[in-house]
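Here is the structure we will look at, set down as structure tokens.
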Amino acid sequence: MKKTIILILVFSILGLLIGYLIFGKIGDEYVSIKTIFGSTSKFGTFLKDISGIAKIKQNILISGGVGALLGLIIGIRKSK
0 MKKTIILILV FSILGLLIGY LIFGKIGDEY VSIKTIFGST SKFGTFLKDI SGIAKIKQNI
60 LISGGVGALL GLIIGIRKSK
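Okay, so the sequence shown: first residue is 0 according to numbering that gives the first Met the number 0, each after it adds one.
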């Protein structure tokens with residue numbers, strides 16, 4: 000069980016990193032992690048929605064979730 004949890008954490012972090020590398024670009028530059036995940040006011044949230052940062056954040060989090068799911072599957076298969 001401990002190895003499964005470690006695999007879930009490792010693969011979710013890898014998923015987040017890969018998601019950032021794939022989806023974290025606007026133009027030719029990467030958006031800062033603080034801009035993507037930092038807290039904002041209602042006006043800042045509105046600006047994130049217009050600029051597409053909300054969609055970038057969503058895609059990165061989905062990538063992390065897929066990584067966690069992959070880690071869970073690998074952990075379950077290895078424990079059998």
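From the three backbone atoms N, C-alpha and C, an ideal C-beta is built for every residue, glycine too. Note that this is a predicted model, so its numbers are computed, not measured.
1) Which residues mark the beginning and the end of the alpha helix (DSSP H) in which Val65 is found?
2) By DSSP's criteria, Ile17 is part of a beta bridge. Which residues make up the other side?
3) When burial is assigned at 16 or more other CB atoms within 10 Å of the CB, is Leu6 buried or exposed?
4) Is the beta carbon of Leu15 less than 8 Å from the beta carbon of Ile59?
5) Alpha carbon to alpha carbon, what distance is there between Ile49 and Ile76?
Looking at the atomic coordinates:
1) In the sequence shown, the residue the question calls residue 65 occupies position 66. Ile52 to Ser78 is the extent of the alpha helix (DSSP H) around Val65.
2) Taking the sequence shown and counting its residues from 1, one reaches residue 17 at position 18. According to DSSP, residue pairing for Ile17 in a beta bridge does not occur.
3) Translated into the one-based positions of the sequence shown, residue 6 becomes position 7. Buried is the call here.
4) Indexing the sequence shown from 1 puts residue 15 at position 16. Indexing the sequence shown from 1 puts residue 59 at position 60. Yes, the pair counts as a contact, with Cβ atoms nearer than the cut-off.
5) In the sequence shown, counting from the first residue as 1, residue 76 sits at position 77. In the sequence shown, counting from the first residue as 1, residue 49 sits at position 50. Strictly speaking, residue 76 in this sequence is Arg, with Ile absent from that position. Cα to Cα, the separation comes out at about 43 Å.
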